[in-house]
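> One structure coming up, written as structure tokens, with questions to follow.
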Amino acid sequence: MAAQETVDHKYVYDFAEGNKDLKDLLGGKGANLAEMTNLGLPVPPGFTITTEACKAYLGTGEEPAGLAGQIEAHLEALEREMGRRLGDPDDPLLVSVRSGAKFSMPGMMETVLNVGLNDRSVIGLSAQAGRNDRFAWDSYRRLIQMFGKTVCDVPGEEFEHALDEAKRAKGSTDDLDLDADDLRGLVDAYKKIFAKHTGREFPQAPREQLDLAIRAVFESWNAERAVVYRRQERIPADLGTAVNVVAMVFGNLGPDSGTGVAFTRDPASGAQGIYGDYLANAQGEDVVAGIRNTVPLQELERIDKTSYDELLSYMARLEEHYRDLCDIEFTIERGKLWMLQTRVGKRTAAAAFVIAGQLVDEGLIDLDEALHRVNGAQLAQLMFPRFRLDHEFEPVAKGVGASPGAASGKAVFSSDRAVELAAQGESVILVRRETNPDDLNGMIAANGILTSRGGKTSHAAVVARGMGKTCVSGADALDVNVPQRRFTVGEHTVGEGDVISVDGTTGKVYLGEVPVMPSEVVQYFEGNLEPARSEDPLVRAVHRIMTHADQRRRLAVRTNADTAEDAARARRFGAQGIGLCRTEHMFLGDRRELVERLILARTDDEREQALAALLPLQRADFVEIFRAMDGLPVTVRLIDPPLHEFLPPLEQLAVNVAVAQERGEDVAKEEALLAAVRRMHEENPMLGLRGVRLGLVIPGLFAMQVRAIVEAAVTVVRDGGSALPEIMVPLVGAVQELETVRAEAEKIIAEVVGESGVEVLIGTMIEVPRAALTAGQIAEAAEFFSFGTNDLTQMGWGFSRDDVEAAFFWRYLELGIFGISPFESIDAEGVGRLVRIAAEEGRAARPGLKLGVCGEHGGDPDSVHFFHSVGLDYVSCSPFRVPVARLEAGRAVLEAAGSDSR
Ligand code: PEP
Ligand code: MG
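Set out below in structure tokens:
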């Protein structure tokens, strides 16, 4: 980049220059501060350093050219506006330096307050605050502490130790008992700690403090906890953070000052009302950290009615402006209200649906927008079971229902232990007095989170809600002893490993494992709740939005089901047919014997007998399934897995033979099985004798299945029902394979269908890359394609689907080779390209070719959007994901129409 361009690049924006749509550049906090400034709300003046400056700094390790000068110019403007100079000894301007990325990452990055204080300006601050020495020295010690810890990596405990020491000397446990002299002494102690760890004195030059703090915020983008959080929340790693430099206002100037957070609706349930916490005589960090006990926001009306009324009017204004739930941070400095932050607030899955429904009622948004604002992951959460609370289960404590859900597991008291036990497959509940950003890994690993302190806005609550994890916060009856790994409540003591249950909706805590029942939303999908008459606003909202999604979507949604029960349930959940009926499970259980006979058959006769015995059983299976899906298409896939999967494992057979021989028993059958297993052994069974290859090698196997399918369909139709069978051939790679199977099947179909009027389609899975690349040819012999994206991913990447996720995906995720397992969400660029090619070439060869997908991706939200964009006719997924796919298929239409840019 030419030097001139670099110099001219704009890296710093005054609040008055930005707006809410500039989140990429100014971060969420900066963009919204700008928006509030432009709305005329009382925002302390300041400026935002862009994410581009951060990215440039992180790329080179140096501030980009021109940045320092721009900061200087904006600082001067700020000083003029405030009538004070940064760190002026007599009347200092102080600033806060705050991170703010495009997506909110609560507590993951750094903030430094009170920048501009030094040995001289602390005196000026005291005078400014009406000779309030205590306040001035307290602010100074906070600066050294925060600056030391975040900018210079001084261990935080050292400062905490010194603070405890000062309190002990005073015979108190409360910071507020320390007077100005104590705090002056503490500043000296802090400076010594600072010098010991950094080898230099605490910097006195205000501008140097500012520059170093800005740098520390840039660098905190790559702090470990921020990296972990981004991975968890799927936030791209290359966005960088903006930095907001804001004139300080003080909530700790006395009883007529304070700080708080507020929501315009309940972020847990979506209910309308005033929700929030207030803490008198404190700085903002105290509230968010959940360290001191706050009072409900309503109390502010009593404490300072003018500020309360003003705040309420701003909240209403913001909600109307953003047309959404907003959360707000504010400070009152000696009776004057300042708005420090707002954003469209995080909310639980239930609240997302309820609020979207309410906003439609209020005329603030339309149904498309409501659909756009919820998502499949939230719906999936609402389908988790909840506790079945009979009388036997009495709660032992009640806290705040901070993030809903029903979670049981072993109590653990540290993040590391949570990670350790979860890795062993245990369900754990992380129990802490309060959480802090260092607990993030444990919170991710845990099934639920329980804290004894902090409200709905504490760290634990905010982070858990963001992750959709069950959380009860502020259960203050609990006495949590982390070093001894236990808590006591009443007469009970719960140690590490004891099972507890937490209900994130009611805030109740139970000992032991509470049984669960289906959620209201599942009961609604099951047809057990009448939405129009339901008292539950959630059920009404889900119904309304699902109905709209169904009207909007182009993709049909089918299900993967191979029993009549699954098929019936999926149908209640809205499935429009079966996209994949795997037939292999029908060969298990007591039918294994017949499969063994088939495999061991030495003559055509023996084989035919075994197949003839399987035929009526298969036919009965299909009759039930067709009946459950009466009138809807049912795709039945011919048998796919290698046949040795139906035989006992080699080691077990070898032992059986040896034991039987020892006892002198007849071992002929075991020996024959053992020989068969040895003969059929394959080094790479997923690439071996399976799918269509079985049909070509074992005479009569596919024929038996085709006959069973068609006879079942004819039976159902003769009984007055409607069966729409689609026979699907797995693992085809070349059209000749399909043609061979087709020729045989067509003969049987013609013979069996007779006068019944049953129509049978024959199609294939596209799950081998070669099939995708020769789809034009294959379409000549197929009436439909169904993409088997599990195998297509396996063979497209060369990843063994049964092994790789545990073996090395963690490293691929760490390196960012992909952001999510390609088995979970379709790899649009690679495997997705195969799908696209096959869809295009297949349709070119046979217009009207029916296209669907039946791999696991069919129920994954992002993949559903991809399949919509490719133009498939349907997705097929497991019954519980059917509603998710319906919702996302509706959202995909809006996304394609560009609604996402609203
Ligand atoms: C697939 O491969 O995507 C598929 C649906 O088949 P299976 O998972 O049974 O191999
Ligand atoms: Mg497959």
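Quick note: the sequence shown uses my numbering, first residue -3, plus one each step.
Ideal Cβ positions, reconstructed from N, Cα and C, are used throughout, including at glycine.
1) Hey, serine 95 and valine 183 are a contact pair by Cβ (cut 8 Å); roughly how many whole angstroms apart?
2) Kindly list the residues whose CB is nearer than 6 Å to the CB of leucine 355, restricted to its own chain and excluding five residues on each side of it in sequence; keep chain order.
3) Could you name the residues that DSSP lists as bridge partners for glycine 405?
4) Which residue's Cα is closest to the Cα of threonine 290: Glu306, Gly272, His70?
5) Suppose the cutoff is 7 Å on Cβ atoms and the five residues either side in sequence are ignored; what does the same chain contact list for aspartate 626 look like?
6) Using only Cβ atoms and a threshold of 6 Å, which residues come within that distance of a heavy atom of the ligand PEP? Order them by chain position.
7) Going by CA-CA distance only, name the one from Val889, Val754, Ala264, Leu576 that's closest to aspartate 546.
8) Quick check: is any heavy atom of the ligand MG less than 7 Å from the C-beta of phenylalanine 726?
9) Name the DSSP bridge partner or partners of serine 92?
10) Based on Cα-Cα distance, which residue from Ser859, Glu820, Val871, Ile816 lies nearest to isoleucine 231?
11) Can you tell which of Lys332, Gly696, Gly759 has the C-alpha that lies nearest to the C-alpha of alanine 778?
12) If you check the beta carbons only, do glycine 144 and isoleucine 210 fall under 8 Å apart?
13) How big is the Cα-Cα spacing for serine 895 and leucine 611?
14) Ends of the beta strand (DSSP E) at glutamine 337?
15) What's the gap between the Cα of valine 535 and the Cα of glycine 851?
16) Which complete beta strand (DSSP E) runs does the segment 91 to 121 hold, if anything under 3 residues is left out?
17) Going straight from the alpha carbon of glutamate 531 to that of glycine 250, what length do you get?
18) Identify the continuous beta strand (DSSP E) that holds threonine 431 and give its terminal residues.
19) Quick one: does the C-beta of glycine 256 sit closer than 7 Å to a heavy atom of the ligand GDP?
20) So the alpha helix (DSSP H) cysteine 322 belongs to, where does it begin and stop?
21) How many Å lie between glutamine 614 and leucine 692 at the Cα?
22) Is the beta carbon of leucine 690 less than 8 Å from the beta carbon of leucine 639?
23) If the criterion is Cβ atoms closer than 8 Å, does the pair alanine 398 and arginine 319 meet it?
24) Around the C-beta of lysine 16, are 16 or more other C-beta atoms found within 10 angstroms, so that it is buried, or is it exposed?
25) Quick one: residues in its chain with C-beta nearer than 6 Å to the C-beta of arginine 593, no 5 flanking neighbours on either side, listed in chain order?
26) What separation, rounded to the nearest whole angstrom, lies between the Cα atoms of phenylalanine 326 and glycine 83?
27) Between alanine 352 and the rest of its own chain, which residues show a CB-CB distance below 6 Å, the 5 nearest in sequence each way excluded?
28) Just reading off the beta strand (DSSP E) that methionine 724 is part of, what are its end residues?
29) Using DSSP with H/G/I as helix, E/B as strand and the rest coil, what is glutamine 0?
30) So, does the segment 843 to 863 touch the segment 563 to 577, judging by three or more C-beta pairs under 8 Å?
31) Do you know whose CA, among Gly660, Arg588, Glu522, Arg839, lies nearest aspartate 562's CA?
32) Hey, quick one: how far does the alpha helix (DSSP H) through cysteine 850 stretch, first residue to last?
33) Verify whether the separation of the beta carbon atoms of histidine 455 and proline 102 is less than 8 Å.
34) Under 8 Å between the Cβ atoms of serine 410 and glycine 444?
35) Using a threshold of 8 Å, state whether the C-beta atoms of serine 253 and glutamate 306 are closer than that.
Answer, in terms of the structure:
1) About 26 Å separates the two Cβ atoms, so there is no contact after all.
2) Around leucine 355: Ile361.
3) DSSP lists Ile496 as partners of glycine 405.
4) Closest option to threonine 290, Cα to Cα, is Gly272.
5) For aspartate 626, where only same-chain residues beyond five positions count, the Cβ hits under 7 Å are Gly717, Ser718.
6) With the cut-off at 6 Å, the residues found are Leu576, Arg578, Asp636, Glu763, Gly784, Thr785, Asn786, Asp787, Cys850, Gly851.
7) For aspartate 546, the closest alpha carbon among the candidates Val889, Val754, Ala264, Leu576 is that of Val889.
8) Here residue 726 turns out to be proline, not phenylalanine, going by the sequence shown. For proline 726, the Cβ falls inside the 7 Å cut-off from some heavy atom of the ligand MG.
9) Checking the DSSP bridge columns, you'll see serine 92 partnered with Val242.
10) Its Cα nearest to that of isoleucine 231, the residue Ile816 stands out among Ser859, Glu820, Val871, Ile816.
11) Out of Lys332, Gly696, Gly759, the CA that lies nearest to the CA of alanine 778 is found in Gly759.
12) No. Outside cutoff.
13) Because serine 895 carries a pLDDT of 46, less than 50, the predicted location of this residue cannot be relied on, and no value is offered for it.
14) That run of the beta strand (DSSP E) goes 332 to 340.
15) If I take the Cα positions, the gap works out to 30 Å.
16) Within the segment 91 to 121, the complete beta strand (DSSP E) segments of 3 residues or longer fall at 91 to 97, 107 to 111, listed in chain order.
17) When the Cα atoms are used, glutamate 531 and glycine 250 turn out to be separated by approximately 46 Å.
18) For threonine 431, there is no enclosing beta strand (DSSP E), since its DSSP letter is neither H nor E.
19) The ligand GDP is not part of the structure shown, which contains the ligand PEP and the ligand MG as its ligands.
20) Not the alpha helix (DSSP H): cysteine 322 falls in the beta strand (DSSP E), residues 322 to 329.
21) Those two C-alpha atoms are separated by around 20 Å.
22) Yes. Within cutoff.
23) Not in contact: alanine 398 and arginine 319 (Cβ atoms no closer than 8 Å).
24) A residue is called buried when at least 16 other Cβ atoms come within 10 angstroms of its Cβ; lysine 16 meets this threshold and is buried.
25) The beta carbon of arginine 593 lies closer than 6 Å to those of Ala606 in the same chain, with the five residues before and after it left out.
26) Spanning the two alpha carbons is a distance of roughly 24 Å.
27) Answer for alanine 352: Ala366, Arg369, Val370, listed in chain order.
28) Here the beta strand (DSSP E) through methionine 724 covers 720 to 725.
29) The pLDDT assigned to glutamine 0 is 45, lower than 50, so where the model puts this residue is not dependable; a value taken from the coordinates is nonetheless given after this. In this structure, glutamine 0 counts as helix in the three-state DSSP scheme.
30) As far as the Cβ criterion goes, the segment 843 to 863 touches the segment 563 to 577, which means the pair count is three or higher.
31) If you compare the alpha carbons of Gly660, Arg588, Glu522, Arg839 with that of aspartate 562, the shortest gap goes to Glu522.
32) Per DSSP, cysteine 850 belongs to no alpha helix (DSSP H) and is neither H nor E.
33) A contact, by the Cβ cut-off of 8 Å.
34) Serine 410 is not a Cβ neighbour of glycine 444, given a cutoff of 8 Å.
35) In this structure, serine 253 keeps its C-beta atom at 8 Å or more from the C-beta atom of glutamate 306.
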